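Protein chains: 2
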Amino acid sequence: MKFAFNMPTKIISGRDVIISNYKIFSSLGKKAIIVTGRHSAEANGSLADVLSALKLAGVGYDIFNNIMSNPTIDIVYDGAKFAKEHGDDFVVAIGGGSPMDAAKAIALLAAQDISRESLFSGKYTDEILPMVFIPTTAGTGSEVTQYSILTNDELETKTTLSSPIMFPDYAFLDGKYMCSLGKNTTINTAIDALSHAIEGFLNKKANEMTAIYSEKAIRIISSLFKKIEENDLSLEDRDNLLFASTLAGIVISHTGTTAVHSMGYSLTYFKDIDHGRANGLLLGRYLEFLYDYIPDKVNEVLSFMNMNSVSEFKDKLDSLFGEKEKITKEEIVIFVGKALAAKNLQNSLIVPGNDDLIKILEDVFLGA
Amino acid sequence: MKFAFNMPTKIISGRDVIISNYKIFSSLGKKAIIVTGRHSAEANGSLADVLSALKLAGVGYDIFNNIMSNPTIDIVYDGAKFAKEHGDDFVVAIGGGSPMDAAKAIALLAAQDISRESLFSGKYTDEILPMVFIPTTAGTGSEVTQYSILTNDELETKTTLSSPIMFPDYAFLDGKYMCSLGKNTTINTAIDALSHAIEGFLNKKANEMTAIYSEKAIRIISSLFKKIEENDLSLEDRDNLLFASTLAGIVISHTGTTAVHSMGYSLTYFKDIDHGRANGLLLGRYLEFLYDYIPDKVNEVLSFMNMNSVSEFKDKLDSLFGEKEKITKEEIVIFVGKALAAKNLQNSLIVPGNDDLIKILEDVFLGA
């Protein structure tokens, strides 16, 4: 029974919780930097709700909405500079994984001077701006993790800042912001959450505590496969998917991810494939790889999904993701090199070697 | 999907975690007040491990081992005075619910001046000594709650201090300290944990998050009924019981307890019946009461225990607890009055009225 459990984020879930909890904003500071992307927060109503809450709280704000998908190191330094110039004393993040991850780095860099060379060292002082996070996809689970995953052009991959001080102080969960998500985004983010739950379960760092969340998240998400595929999710379904996504975030905050993410980063970095889709394209074949070594554990995961075989799971994912992108053998070699160098690869219960990774990627993209 | 989740305690579980994490002690202060009872911490090895860790950490300590079962208001004021006089700057609690609950109040009173009149007001400043908790029963779950339940002679019952600042900073979980617990103590504490999980499930404040923990805790504890009854628990079973007890503690930190505890306090206060036993004597009959109103919810709880009827559960509890104490009709009237006045009664999904409570207690103690 060996585990450590650390979940300092206060999670508040429910309809209109941002507005009903406006006093939380004034408890954190006088002026917020709202970190978000260009469009979605305005479109889905989350930005409006945050502005209403800030107004009720008598708190000022500045909007930094330059966060692109797969945020870069440059943008978080820009955001920190912006926050300091504007005298912002706490951070509100709204969006998917990109604004949320960027916001954690911004909160850190606005509070302490860290050079680019030291940025991924994990060696920081305790100083960081308070953070309130509102996920609008379901999702990366970033609202309950200590990770900030940034595009690293020098290493041609994504690398992770991580520190216990980087957990958001508050996470507000309201499924209504996800109602207008398109079918593909819904699929990509739901399968990202699923990959977190599964990779966190088939993980050296998995423990009795994380297993509880993994199982629950896998059960919820898989129970909604049909509705996700038919793009027929009710508001209650959206709430449940978000809940599962947050649970899966709690899992990976303890376990980290594994080989699927290690491989997936290259698909995103080099081929611009959405992060969740990248994971989803690899997840089934990876379970097939694991099945040769740890069939009981894989069967446990399948049982949570009421599935009888890895093929059944692969078929479901193929059905959700459709035609795959074109990747060449040469590209695969490069991606495998990146995966082998990724820290999270070592979390895998069975660590795929060079040949295993080549085979997995070739089977997925060049046909099995 | 309406809930708030707040679990600020860092939980560290595993064999010998106190000693391997000795640096945590030095991170919290220079001199600990160890709050515990007279004998068990010495007997079960927990005190020795704490002293070893403090020595490795270079941290001083004073031992305050006067905590009786069902700690009083006087003892916590004594403990706070002791801590202040000795210049202790953090609290280590070792034991069952009594030392742990007392320790929270001591940590509060050593840091701020609160009069007896204001003690249960919940209106405190933020100041409290840091706390490290080591449960040695499985248990009250106090290591992960913000509650300090004290004997209140003025009101002739138990009353609860509660504040978000009262969550322990750290909880160390190691089942080895429970190995020498006698059969009756094991039964009493296991069923206390079970009552937390069940009362937290059949509760107005239950939510999707607490339900996950309730279910897991109920499953674990009920799976060990036979071994508990035969006093045949392995070390691994002890770890699992402790884990379940902590999960149940997380439940009630969010939901509070219900009618079983409301009635149970009087059995403890007036008849000196152990807290866990008091709850266990009432739990089955209370589910029978609820079954008339919410059979589906009660059946859900029964399903977690792989049981088919409330009678089956009642029989199991009767078998665990044996012959009941003698209570008179007049005493029952008094106990019902206390229960009706208890705050936690209102958490019950169906709130028993005067006649319901009389009937429950009479059926349990005067024969059905």
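Those sequence lines, one after another, are chains F and C. Numbered by our numbering, the letters in the first sequence go through residues 1 to 368 in order. Numbered by our numbering, the letters in the second sequence go through residues 1001 to 1368 in order. Glycine included, C-beta positions come from ideal geometry on N, C-alpha and C. Quick caveat, the model's predicted, so the values are computed rather than measured.
Taking Cβ to Cβ, would you say threonine 1189(C) is nearer than 7 Å to threonine 1137(C)?
Reading the second sequence from its first residue, position 189 is the one you call residue 1189(C). Reading the second sequence from its first residue, position 137 is the one you call residue 1137(C). Less than 7 Å separates the beta-carbon of threonine 1189(C) from that of threonine 1137(C).
Which bits of chain F does glutamate 1208(C) rub up against, with CB to CB less than 7 Å?
Here the question's residue 1208(C) lines up with position 208 in the second sequence. Chain F residues near glutamate 1208(C): Phe243.
If we ignore side chains and look at the alpha-carbon of each, how far apart do valine 1091(C) and lysine 359(F) end up?
The residue given as residue 1091(C) occupies position 91 in the second sequence. The residue given as residue 359(F) occupies position 359 in the first sequence. Spanning the two alpha carbons is a distance of roughly 56 Å.
With glycine 1249(C) and glycine 1141(C) assumed to form a contact (beta carbons below 8 Å), what rounded beta-carbon distance in angstroms separates them?
Numbered from its first residue, the second sequence carries residue 1249(C) at position 249. Numbered from its first residue, the second sequence carries residue 1141(C) at position 141. Glycine 1249(C) to glycine 1141(C), Cβ: 2 Å. Contact.
Give the straight-line distance between the Cα atoms of alanine 1259(C) and proline 1352(C), rounded to the nearest whole angstrom.
Within the second sequence, numbered from 1, the residue matching residue 1259(C) stands at position 259. Within the second sequence, numbered from 1, the residue matching residue 1352(C) stands at position 352. CA-CA distance, alanine 1259(C) to proline 1352(C), rounds to 7 Å.
Run through chain C and tell me which residues come within less than 9 Å of alanine 32(F), C-beta to C-beta.
On the first sequence, position 32 is the one that residue 32(F) refers to. Correct list: empty, because the minimum Cβ distance to chain C is about 21 Å.
Using a Cβ-Cβ distance under 7 Å, would asparagine 1006(C) count as near chain F?
Translated into the one-based positions of the second sequence, residue 1006(C) becomes position 6. True, the Cβ-Cβ gap to chain F drops below 7 Å.
Just curious, the alpha helix (DSSP H) that aspartate 1153(C) is in, first and last residue?
Translated into positions along the second sequence, residue 1153(C) becomes position 153. In the DSSP assignment, aspartate 1153(C) falls outside any alpha helix (DSSP H) and carries neither an H nor an E.
Might you give, ordered along the chain, the residues of its own chain that have their beta carbon closer than 6 Å to the beta carbon of threonine 36(F), omitting 5 neighbours on each side?
What you label residue 36(F) is simply residue 36 of the first sequence in a count that begins at 1. Short of 6 Å from the beta carbon of threonine 36(F), and not among the five residues preceding or following it, lie these beta carbons of its own chain, in chain order: Asn65, Ile94, Gly95 and Pro99.
Name the residue from Gly139(F), Arg116(F), Gly264(F) and Gln146(F) whose alpha carbon lies nearest to the alpha carbon of isoleucine 128(F).
Against the first sequence, residue 128(F) aligns to sequence position 128. Comparing Cα positions, the closest option is Gln146(F).
Using beta carbons (cut-off 7 Å, strictly below), is serine 222(F) in contact with chain C?
Reading the first sequence from its first residue, position 222 is the one you call residue 222(F). At a cut-off of 7 Å, the C-beta of serine 222(F) has no neighbouring C-beta in chain C.
Report yes or no: do the segment 259-270 of chain F and the segment 151-171 of chain F share at least 3 C-beta pairs separated by less than 8 Å?
A contact exists between the segment 259-270 of chain F and the segment 151-171 of chain F.
Are the beta-carbon atoms belonging to isoleucine 1218(C) and phenylalanine 1133(C) less than 7 Å from one another?
In the second sequence, the residue the question calls residue 1218(C) occupies position 218. In the second sequence, the residue the question calls residue 1133(C) occupies position 133. No, the pair does not count as a contact, with Cβ atoms beyond the cut-off.
How should arginine 38(F) be labelled, buried or exposed, when 16 other C-beta atoms within 10 angstroms of its C-beta is the threshold for buried?
Counting from 1 along the first sequence, the entry for residue 38(F) is found at position 38. Using a 10 angstroms sphere on the CB of arginine 38(F), the tally of other CB atoms stays under 16, which defines it as exposed.
Is aspartate 1101(C) helix, strand or coil when you go by DSSP?
Translated into positions along the second sequence, residue 1101(C) becomes position 101. Helix.
Just list the beta strand (DSSP E) runs in the segment 181-253 of chain F, keeping only unbroken ones of 3 residues or longer that don't cross its boundaries, in chain order.
The segment 181-253 of chain F contains no whole beta strand (DSSP E) run of 3 or more residues.
Could you spell out the range, first to last residue, of the beta strand (DSSP E) harbouring isoleucine 1128(C)?
One-based indexing of the second sequence puts residue 1128(C) at position 128. Unbroken run through isoleucine 1128(C): none, as it is neither H nor E.
Is there a Cβ from chain F that is less than 7 Å from the Cβ of lysine 1002(C)?
Your numbering for residue 1002(C) matches position 2 in the second sequence. Lysine 1002(C) counts as touching chain F.
Going by C-alpha to C-alpha distance, which of Ala341(F), Leu366(F), Asn347(F) and Val364(F) sits closest to asparagine 354(F)?
Counting from one through the first sequence, the residue named residue 354(F) turns up at place 354. The candidate whose alpha carbon is nearest that of asparagine 354(F) is Ala341(F).
Which residues does DSSP list as the beta-bridge partners of valine 1035(C)?
To locate residue 1035(C), count along the second sequence from 1; it is residue 35. Bridge partners of valine 1035(C): Phe1064(C) and Ala1093(C).
Is any beta-carbon of chain C found at less than 7 Å from that of serine 13(F)?
Translated into the one-based positions of the first sequence, residue 13(F) becomes position 13. Among the CB atoms of chain C, one or more fall inside 7 Å of the CB of serine 13(F).
Is it buried or exposed, leucine 1366(C), if we count other Cβ atoms within 10 angstroms and call 16 or more buried?
Mapped onto the second sequence, residue 1366(C) falls at position 366. That one is exposed.
For lysine 104(F), which residues in chain C fall below 8 Å Cβ to Cβ?
Taking the first sequence and counting its residues from 1, one reaches residue 104(F) at position 104. In chain order: nothing, as chain C lies at least about 19 Å away.
So what's serine 1121(C) in DSSP terms, helix, strand or just coil?
Position 121 of the second sequence holds residue 1121(C). Residue state, collapsed to three classes: coil.
Roughly how many angstroms lie between the CA atoms of serine 1162(C) and glutamate 1085(C), to the nearest whole one?
Position 162 of the second sequence, counted from the first residue, corresponds to residue 1162(C). Position 85 of the second sequence, counted from the first residue, corresponds to residue 1085(C). When rounded, the separation of the alpha-carbon atoms in serine 1162(C) and glutamate 1085(C) is 25 Å.
Residue-chain proximity (lysine 216(F), chain C), Cβ-Cβ < 7 Å:
Your numbering for residue 216(F) matches position 216 in the first sequence. For lysine 216(F), the answer is yes, since a Cβ of chain C falls inside 7 Å of its Cβ.
Could you give the first and the last residue of the continuous alpha helix (DSSP H) run that contains alanine 4(F)?
In the first sequence, counting from the first residue as 1, residue 4(F) sits at position 4. Taken as a continuous stretch (DSSP letters only), alanine 4(F) belongs to no alpha helix (DSSP H), being part of the beta strand (DSSP E) at 3-13.
Spatial neighbours of lysine 1204(C) within its chain, please: C-beta separation below 7 Å, excluding the five flanking residues on both sides.
Here residue 1204(C) refers to the residue found at position 204 when the second sequence is read from its first residue. Closer than 7 Å at the Cβ level, and outside the excluded window around lysine 1204(C), lie Asn1347 and Leu1349.
Which first and last residues belong to the beta strand (DSSP E) in which tyrosine 1170(C) is found?
Reading the second sequence from its first residue, position 170 is the one you call residue 1170(C). Boundaries of the beta strand (DSSP E) harbouring tyrosine 1170(C): 1170-1173, taken from the DSSP string.
Members of the segment 172-185 of chain F that neighbour chain C once the beta carbon cut-off is set at 9 Å:
For the segment 172-185 of chain F, which is checked against every Cβ of chain C, the residues closer than 9 Å are Leu173, Asp174 and Gly175.
Lysine 1084(C) by DSSP, collapsed to three states: which one?
Position 84 of the second sequence, counting from 1, holds the residue named residue 1084(C). DSSP places lysine 1084(C) in helix when its eight states are reduced to three.
Methionine 1068(C): buried (16+ other C-beta within 10 angstroms of its C-beta) or exposed?
Here residue 1068(C) is taken as the residue at index 68 of the second sequence, counted from 1. Exposed, by the Cβ-count rule.
From this set, Val1050(C), Lys1316(C), Gly1276(C) and Ala1102(C), which residue's C-alpha is nearest aspartate 1192(C)'s C-alpha?
The residue you call residue 1192(C) lines up with position 192 of the second sequence. For aspartate 1192(C), the closest of Val1050(C), Lys1316(C), Gly1276(C) and Ala1102(C) by C-alpha to C-alpha distance is Gly1276(C).
Can you check which of these residues, Asp274(F), Leu202(F), Tyr286(F) and Ile334(F), is closest to valine 301(F) by C-alpha distance?
Residue numbering aside, residue 301(F) sits at position 301 when the first sequence is read from its first letter. Looking only at Asp274(F), Leu202(F), Tyr286(F) and Ile334(F), the smallest Cα-Cα distance to valine 301(F) is reached by Leu202(F).
Name the residue from Ser1148(C), Val1251(C), Phe1243(C) and Gly1264(C) whose alpha carbon lies nearest to the alpha carbon of glutamate 1331(C).
The count along the second sequence starts at 1 and reaches residue 1331(C) at position 331. It is Gly1264(C).
Using only CA atoms, which one of Ala1043(C), Asn1070(C) and Gly1029(C) lies nearest to valine 1059(C)?
Taking the second sequence and counting its residues from 1, one reaches residue 1059(C) at position 59. Nearest of Ala1043(C), Asn1070(C) and Gly1029(C) to valine 1059(C), Cα basis: Gly1029(C).
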